[in-house]
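Going by our numbering, the sequence shown opens with residue 133, and the numbers climb by one from there.
We treat Cβ as the ideally placed atom computed from N, Cα and C, and that holds for glycine.
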Amino acid sequence: MYLSLLIAFVWALIVSLFTVPSVIRVSHSKKLYDEPNHRTIHEMLTPRLGGLAIFAGFMSAVTIFGKFGDGVQQLLAGCIVMFFIGVKDDIISVSAFKKFFVQIIATFIVMFMGDVRITSLQGFLGIGELELGISYLFTFLVIVGITNAINLIDGLDGLAGSIILLIALCFGTFFYFYSIEYAFVAFCLAGGILGFLRYNMYRASIFMGDTGSLVSGFVIAVLAIKFVELRAVPAAPATAVAILFIPVFDTLRVFAMRIGNGRSPFSPDKKSPAPPLSAAGPAPDHGSYSHDHDQPGGNCRYHLVCRHGQYRPAAGADWGCGGH
């Protein structure tokens, strides 16, 4: 099974890696750019359809090599819904209301058709089994919240992709031991993201756009929910929160800032989780971010280094996950 996972990961990586150049060429020929403005921090016309390559690598790998069941088909259906609204938004722009409505549809597909939901917090914060109505409501908030959190961190070159990659690898490692269906999902997403990151580092020649961030965020959200439901992992809810610390914490911070300024939490500006690092001037030349946790179910460490405005996993850093 390990070999099958590796093949799926490499397939997603290769498809994504070789799709990005074609997307860049088409974007330039059709002038499909993310143009610099008062809300952005990049200064050049840059294609923003990198999500096409991520989706192609991820979807082809899962459908060819993945194991279906336990809501995986419904997850892929939801990804397709997210993909189309993301592409439309990257090309002609879509209102926040329409994007939110599509997120509701995708969430309902996995919740009601795939029975993907949080049924218990296993004592986390003193909460055990959830009533049916509360279970559906909480699951909805988790999926929509994480999806938008991933969307918000797509700011600096390589930052969102690196964080998504590390989160997917952490979840994938756990699922390898407890749920092989979602191990394939996680590693296929990691492969698609890694292929894209080759072109997203400083100075990025392409952005993932809403296509990539919405699909990736949706997948990460479902992975988190399925992980929380793993009764074999002690303190699974706490471990999931720790793994998702970066996007969740930064999203809450941004929402609080916007609400405090009397604005909608979904209104765009330079105060998204990534831009504050460089909104006052050029991208930082040096810096790093580390996050590690140690839970009964396993341990995980992130270490991102920023050099010349580019975020990437630190060379030789311990960013793996594993059980004790």
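With distances taken from CA atoms, which of the options is nearest residue i?
i: Ile241; options: Gly344, Phe197, Val365 and Val213; result: Val213
i: Cys211; options: Met191, Ala370 and Ile391; result: Met191
i: Asn332; options: Val155, Val380 and Ile217; result: Val155
i: Ile378; options: Leu138, Met133 and Leu298; result: Leu298
i: Leu384; options: Ile285, Leu253, Asp222 and Met243; result: Ile285
i: Gly246; options: Val354, Arg330 and Arg395; result: Val354
i: Tyr165; options: Gly182, Leu149, Thr151 and Phe141; result: Gly182
i: Ile237; options: Leu208, Leu257 and Gly324; result: Leu208
i: Leu257; options: Lys230, Val373 and Val386; result: Val373
i: Lys163; options: Leu149, Pro179, Val152 and Ala336; result: Pro179
i: Ser294; options: Asn280, Phe328 and Ser267; result: Phe328
i: Phe316; options: Asp222, Asp342 and Val351; result: Val351
i: Leu149; options: Asp342, Gly324, Ala336 and Leu135; result: Gly324
i: Val234; options: Asp342, Leu145 and Ala388; result: Asp342
i: Phe306; options: Met389, Arg335, Val142 and Val365; result: Val365
i: Leu362; options: Asn393, Phe303 and Leu376; result: Phe303
On the DSSP bridge list, what partners appear for residue i?
i: Pro179; result: Tyr165
i: Ser252; result: Glu261
Got a sec, what are the start and stop residues for the alpha helix (DSSP H) residue i sits in?
i: Leu329; result: Ile312 to Leu329
i: Ala238; result: Ala228 to Phe240
i: Asp500; result: Residue 500 lies beyond the range of the chain shown here (133 to 456); nothing can be said about it.
i: Ala364; result: Per DSSP, Ala364 belongs to no alpha helix (DSSP H) and is neither H nor E.
i: Ile375; result: Ala368 to Ile375
Inset, instruction - Count the C-beta pairs between the region 336 to 346 and the region 312 to 320 that are closer than 8 Å, then say yes if the count reaches three, no if not. - result: no
Inset, instruction - Check whether the region 244 to 262 touches the region 356 to 365, taking contact to mean three or more Cβ pairs, one atom from each stretch, closer than 8 Å. - result: yes
Legend entry - Touch test, the region 305 to 319 against the region 189 to 205, Cβ-Cβ under 8 Å, three pairs minimum: yes
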